[in-house]
Structures are given as C-alpha cells and as structure tokens.
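**Student:** In my numbering, the protein residues as written are 39 to 623.
Sharing a structure, written as structure tokens. Questions coming.
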C-alpha cells in the first residue's frame, strides 16, 4: 500500500498534537500545557522558511501562515458589513477634497509587544520604506502616488500625494483579504542593515495578539499575549483562544483534501483551508458540530474576492478575434453550472468583480442593467456561437470541431486541480459540444503558461475590486498589455489594449467611487468589457471553510456576521476571526 506524503504529514500532525496536550516539546522549547478546549487547531500548508516573521523579508514572508496574528494594520475592512474597522489608527481621513492629502491619527494606547508605544515614527518608517525599497510589495504604489510623509506629532501622520489618490487609503493602507500593509516597528528595523534579509524570528516585537512560541517542520504555535494593547484600548475583549496551533498538512494547497476533511470530522482540526462542494458536504453529513458560512445549506461558503474567468491572450490568433471570444462565452451554460456544481445557488457570474455590497449596488444600477439587457453577457446560445465562428472564417471539420487554415481553436484550459477539478471538466465538455477544441491542463506548468501568454485558456481569478469596480476594470488597461514573448505581470493575462477603454479608466482614476461621473464612466467601461469579451467570466469564487464548533463558536457566518470580516483565518482579517471566537465548553 502506498502512503502519500500528505498522509505522512498528517500522521506527524496527530503525533505532534498528542505531545502538545500532554507534555513538553523537545529541542529546548518548553511550552506550558494547554487544554484542548483553549487551543485552536488550524490545518494549512506551511511552506515559508522557518523563522521568517518580518513583513519586510524577501525570503518567503507571508501573512497567510499565521503571521497575521502578529502584525496589524491601521485599519481593517469588514467586507460583509461594508465597514471600516479602525485599529492601530483611530481615523484615516482625506483632508483635501481632491484626495491629495490623508491625515492619520493613531490610537493613543497602541503599543508593540515589548511595551514600546506605536507612534508616528513607525508609520513614517513603514511608509518611507515602501516608497524607497523596491523589494517591498507596495513600492510601486508609494512611488507612483506619495509625495511626502510628515509626522505632525507622536500620534499624527499626514501623507501628501502627487496626484488625487482616492483609493490609496483603502487599497494600500487598509488590511483586508490578502492586500494592504501592516505597520512595522521602527525601533527594530531601523537598526537592521538589510531589512529584506532580516528574518525576524520568534521574538521580533509586534503589535498583534499572539506571540510565536514554537515553529518547526510540523507546526507553528502561538500563545496569546496577555498584555495585548487592543484589549486595554477597548478595541476588543481578551481572546478566549489562548493557543493557536497551525499544523502543516503538507503538499500543495488544495490537494489531498479528503484526508484533511477526515481530521475535521474527527474534531482534530477546528478549521482548514477551503474545500470543494462534495468534500465539505460529506463533512457536514458526518459531524453535526461542523458548520459553514451558509450553515448546512448550499453553497456552503461565502463569496471570495477572486471571481474566475476563462482568460485568453488577446494578442494571439484566434483569440485576438472578438467573435471567437464571444462564441466561446455563448457556449457556457451558467444556469447549468449553478445546478450541477452549486446545488442551485447562483454562483455563476458575468462580472469581473465579486458582488459585495458596494459592487452589488453598482451592478444593479440602471446604467449597468441597461447594458446587460443590450449585450446579454451571460447568454447561452450555441446557434449564435456557430454563426460567429462562421463569420470569423471557421468551418466545421469531420471531428465536429471548428477549423480555419487547418487549425482548430486550441482551448486547453490551464488550471489547478486542487481548486478547479469540479468546474473545468464541465467547461471543457460545454466548449467541445460547441466545436471548440478544449481539454484540461492541471500540470505544474499551468500558471507559467498563463504568465507567458501561451495558446489556450486560463482559469484564473480577478483579485482586485472590493468596494467599487475600478481596480478590476483597471486590470485591462493598455499599460498592462505586455508584448508577446514577455511575462504578464500581476496576473494580468489578457494583454488587452484599447485607447477608448483607457480614456475611461484614466478619467475615473482621480474620482471617488461614489461620484456620479465615476459611476457613469465605470458603466461604460464595463460595457466595453462585455462587448469586447475581454475574458469570459464564469463563476464567483467561494470559500467553503469548515468551522468545527466542538471547541469553538462565534465563527463569522451569514447568521452571525461578527465584525463583518470573511472567515478565512489565513487572510489579513484572520486575526479578527481568531480573536473573536468563543469557547464552546
């Protein structure tokens, strides 16, 4: 019998957890015993180098592997309440009506885990580092927009912009999902010769609620900081979760989930990464203590910020022909996708952005609804598809595939088995039924094919807009139209170019999302997205996360929105998820 690497990893998980609750760890790390009912156990694939906790480290730092429990932002965003959650900052306000100045006022009680106050020096150091250090993730944003950063006093910082920057506060300075910057301690990193090479380690001063007490190949362990400033400041109550154990389930994220699921059923994991519908359905049937964002009802999760489309390189033949792109879209039966995969829940989409409250309001506006009625972006019509293929010069060959100059429409769908194994086979069948030469590539080269602009289709998401549609629509601005032979940066795979479209986006950029002119221009841009069929929107993305309530309750759900944050413990807002859980015992 073959034993998978994942099974071996999970065997190590079981052994390590048994040790965790009964004895001390070896290797010089003595940990106090912690009852299971005070311990939160999370399943995740940990791949970053052991000891890297410094957000400025370029050697594999990620917030997703529980480092979000150490680092905090000026504010967070509760997506389902559509509300800002002030945190290290009491307020961040644009103090000029043209969005060229932002004033930040810090909480008077904010402090680092070593007792040092969080001051304007930390904010200025964080911002100046992003502006001047091209290895930091938001360097381009700061370089493009920020003119100067001024510490007015110990708790006030003013940022002056080179140009109107109405989305800078939200996109860059607010933590939500996987975007935004945490504030780092100037009194630590200012003394480091190379902040990109400094790992940080277990003892780096931080502002978040948990201290990292052990990290090895099997797990990361965090214990609550009893002196967490946010409790003293009245931001939040002292977390009931006294210890967080993130066990390394090994493998690639999304693979081997049947084994991980059984650990949830057995009450060994309190939560894990998100799962496919069939897997989480089995968990719910086997353990009545497990719930999801939508309880025990489809779709067993919530909308993530990553709606998936079939992207194409619009510079390559035959995908450079709008008629071919539209013909493929007309073969996608979105109602059938909802029925087969989502048990009737309306998850299939026509938008490149998720329908969160602010974006849903835009999608339901009269201007957008009028365009939707005219352009019918979600239409399923194989006959109209066939007419478009004929108009594009294709004829049906003996294999019932459209062909032109001896070539079929190469439509191998590049995707990722762990997350796309339910949807991509159905898309392949729909396309082949309409004469498109579709197939599946879940190989290790799938993402590189997308970035390199290889022939075929790319099943991938738009990680962009959350409040207004600008950031999603900007993905298709000509400034990102990478030439063939170069890599498409930041997952902008379409390589689309259209001066008319650019003009709309350029006029939108300095306007606030609530400005009527912005709304007008955004509708026009969305109309071009649909008319040109820049890519083929297929589904809203779901996070189907199992929440085990044997030991912990108060998970964020439809019935219990909590602070409005999404329930992903690996997102920046995961700190809020963990900190607000309640003991079931």
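Even for Gly, the Cβ is constructed at its ideal location relative to N, Cα and C.
What did DSSP end up calling residue 387 once you bin it into helix, strand or coil?
**Tutor:** For this step, residue 387 is matched to residue 349 along the chain shown. Residue 387 falls in the coil class under three-state DSSP.
**Student:** So which of 271, 470 and 511 has the shortest CA-CA distance to residue 397?
**Tutor:** Within the chain shown, residue 397 is the residue found at index 359, counting from 1. Comparing Cα positions, the closest option is 511.
**Student:** Could you pull the start and end residues of the alpha helix (DSSP H) that residue 113 belongs to?
**Tutor:** Translated into positions along the chain shown, residue 113 becomes position 75. Careful: residue 113 lies outside any alpha helix (DSSP H), inside the beta strand (DSSP E) at 113–116.
**Student:** With a threshold of 16 other CB atoms inside 10 Å of the CB of residue 533, please say whether the residue is buried or exposed.
**Tutor:** For the purposes of this step, residue 533 is taken as residue 495 along the chain shown, with counting starting at 1. That one is buried.
**Student:** With distances taken from CA atoms, which of 542, 566 and 99 is nearest residue 556?
**Tutor:** Within the chain shown, numbered from 1, the residue matching residue 556 stands at position 518. The shortest Cα separation from residue 556 among 542, 566 and 99 belongs to 542.
**Student:** As a quick exercise: from 161, 263, 364 and 129, pick the residue whose alpha carbon is nearest that of residue 575.
**Tutor:** In the chain shown, counting from the first residue as 1, residue 575 sits at position 537. Per the Cα distances, 364.
**Student:** For residue 185, does the three-state DSSP call read helix, strand or coil?
**Tutor:** Indexing the chain shown from 1 puts residue 185 at position 147. Three-state result, residue 185: strand.
**Student:** In terms of residues, what are the limits of the alpha helix (DSSP H) holding residue 122?
**Tutor:** Mapped onto the chain shown, residue 122 falls at position 84. Here residue 122 belongs to no alpha helix (DSSP H); instead the beta strand (DSSP E) covers 121–124.
**Student:** Indicate the three-state DSSP secondary structure (helix, strand or coil) for residue 62 in the structure shown.
**Tutor:** Working through the chain shown from its first residue, we reach residue 62 at position 24. Because residue 62 carries a pLDDT of 39, less than 50, the predicted location of this residue cannot be relied on, and no value is offered for it.
**Student:** Please report the Cβ distance between residue 416 and residue 388, rounded to the nearest whole angstrom; I am assuming they are in contact, meaning their Cβ atoms lie under 8 angstroms.
**Tutor:** In the chain shown, residue 416 corresponds to position 378, counting from 1. In the chain shown, residue 388 corresponds to position 350, counting from 1. Yes, residue 416 and residue 388 are in contact; Cβ-Cβ is about 4 angstroms, under 8 angstroms.
**Student:** Which of the three DSSP states is assigned to residue 608 in this structure?
**Tutor:** As a first step, residue 608 must be located in the chain shown, where it is residue number 570. Note: residue 608 maps to coil in three-state DSSP.
**Student:** Within the continuous beta strand (DSSP E) that includes residue 618, where are the two ends?
**Tutor:** Numbered from 1 along the chain shown, position 580 holds the residue referred to as residue 618. Element bounds for residue 618: n/a, residue is neither H nor E.
**Student:** Apart from the five residues just before and just after residue 227, which ones in its own chain have a Cβ nearer than 6 angstroms to its Cβ?
**Tutor:** What you label residue 227 is simply residue 189 of the chain shown in a count that begins at 1. Here the set comprises 233.
**Student:** Express the C-alpha separation of residue 376 and residue 51 in angstroms, rounding to a whole number.
**Tutor:** As a first step, residue 51 must be located in the chain shown, where it is residue number 13. As a first step, residue 376 must be located in the chain shown, where it is residue number 338. The predicted model places residue 51 with a pLDDT of 49, which falls under 50 and marks its position as unreliable; any figure quoted below should be read in that light. One C-alpha to the other measures close to 36 angstroms.
**Student:** Among the candidates 600, 617, 616 and 618, whose CA atom is the shortest distance from the CA of residue 117?
**Tutor:** As a first step, residue 117 is located in the chain shown; it is residue number 79 there, counting from the start. Comparing Cα positions, the closest option is 600.
**Student:** Count the C-beta pairs between the segment 568–583 and the segment 328–346 that are closer than 8 angstroms, then say yes if the count reaches three, no if not.
**Tutor:** Yes, the segment 568–583 touches the segment 328–346.
**Student:** How would you label residue 36, buried or exposed, when you count the other beta carbons within 10 angstroms and need 16 or more for buried?
**Tutor:** Residue coverage of the chain in this structure runs from 39 to 623, which leaves residue 36 outside it and unanswerable.
**Student:** Helix, strand or coil for residue 54 per DSSP?
**Tutor:** One-based indexing of the chain shown puts residue 54 at position 16. Confidence at residue 54 is low in this model, with a pLDDT of 49, below 50, so its placement is unreliable and the value that follows should be read with caution. In this structure, residue 54 counts as helix in the three-state DSSP scheme.
**Student:** Should the segment 599–617 be called in touch with the segment 263–280, which here means at least 3 C-beta pairs below 8 angstroms?
**Tutor:** The segment 599–617, when compared against the segment 263–280, does touch it at the 8 angstroms Cβ threshold.
**Student:** Taking Cβ to Cβ, would you say residue 264 is nearer than 8 angstroms to residue 152?
**Tutor:** For the purposes of this step, residue 264 is taken as the residue at position 226 of the chain shown. For the purposes of this step, residue 152 is taken as the residue at position 114 of the chain shown. No; because the gap between Cβ atoms is not below 8 angstroms, this pair is not in contact.
**Student:** Can you name the residues that DSSP bridges to residue 149?
**Tutor:** For the purposes of this step, residue 149 is taken as residue 111 along the chain shown, with counting starting at 1. For residue 149, which the question treats as bridged, DSSP gives the partners 155.
**Student:** Decide if the segment 587–600 is in contact with the segment 544–552; the criterion is three or more beta carbon pairs, one per stretch, under 8 angstroms apart.
**Tutor:** Verdict: no, contact absent.
**Student:** Using DSSP with H/G/I as helix, E/B as strand and the rest coil, what is residue 164?
**Tutor:** Walking along the chain shown from the start, residue 164 turns up at place 126. Reduced to three states, the DSSP call for residue 164 is helix.
**Student:** Which residues in the same chain have their Cβ closer than 7 angstroms to the Cβ of residue 146, if we skip the five residues on either side of it in sequence?
**Tutor:** The residue labelled residue 146 in the question sits at position 108 within the chain shown. If we look at residue 146 and ignore the five residues flanking it on each side, its Cβ neighbours are 193.
**Student:** Secondary structure at residue 436, three-state DSSP: helix, strand or coil?
**Tutor:** Taking the chain shown and counting its residues from 1, one reaches residue 436 at position 398. If DSSP states are grouped into helix, strand and coil, residue 436 belongs with coil.
**Student:** Can we say the segment 129–140 touches the segment 183–203, given the rule of at least three CB pairs closer than 8 angstroms?
**Tutor:** Contact between the segment 129–140 and the segment 183–203 is present, because at least three Cβ pairs lie under 8 angstroms.
**Student:** Can you have a look at residue 190 and say buried or exposed, based on whether 16 or more other CB atoms are within 10 angstroms of its CB?
**Tutor:** For this step, residue 190 is matched to residue 152 along the chain shown. Flag for residue 190 reads exposed.
**Student:** How many Å lie between residue 406 and residue 564 at the Cα?
**Tutor:** Counting from 1 along the chain shown, the entry for residue 406 is found at position 368. Counting from 1 along the chain shown, the entry for residue 564 is found at position 526. Cα to Cα, the separation comes out at about 8 angstroms.
**Student:** State the Cα-Cα distance for the pair residue 222 and residue 245, rounded to the nearest angstrom.
**Tutor:** Numbered from 1 along the chain shown, position 184 holds the residue referred to as residue 222. Numbered from 1 along the chain shown, position 207 holds the residue referred to as residue 245. Taking the straight line joining both Cα atoms gives about 9 angstroms.
**Student:** Smallest Cα separation from residue 538: which of 253, 526, 467 and 560?
**Tutor:** Here residue 538 refers to the residue found at position 500 of the chain shown. Ranking the options by Cα distance to residue 538, first place goes to 560.
**Student:** Rounded to the nearest angstrom, how far is the Cβ of residue 438 from that of residue 473, given a contact under 8 angstroms?
**Tutor:** Residue mapping note: residue 438 aligns to position 400 of the chain shown, counting from 1. Residue mapping note: residue 473 aligns to position 435 of the chain shown, counting from 1. About 6 angstroms separates the two Cβ atoms, so the contact holds.
**Student:** Mind checking residue 374: buried by the 16 CB within 10 Å criterion, or exposed?
**Tutor:** Within the chain shown, residue 374 is the residue found at index 336, counting from 1. Counting Cβ neighbours within 10 Å, residue 374 comes out exposed, since fewer than 16 surround it.
**Student:** So if DSSP puts residue 346 in a beta bridge, which residue, or which two residues, is it bridged to?
**Tutor:** Numbered from 1 along the chain shown, position 308 holds the residue referred to as residue 346. 499 and 577.
**Student:** Quick one: Cα of residue 63 to Cα of residue 332, how far?
**Tutor:** What you label residue 63 is simply residue 25 of the chain shown in a count that begins at 1. What you label residue 332 is simply residue 294 of the chain shown in a count that begins at 1. Reliability of the predicted coordinates at residue 63 is poor, the pLDDT of 42 falling under 50, and no value is obtained from them.
**Student:** Leaving out five residues before and five after residue 150 in sequence, what residues of the same chain have Cβ atoms less than 7 angstroms from its Cβ?
**Tutor:** As a working mapping, residue 150 is identified with position 112 in the chain shown. Taken in chain order, the residues that qualify are 156, 223, 243, 244 and 245.
**Student:** Residue 224 lies in the alpha helix (DSSP H); which residues open and close that run?
**Tutor:** One-based indexing of the chain shown puts residue 224 at position 186. 224–227 is the span of the alpha helix (DSSP H), which, as asked, contains residue 224.
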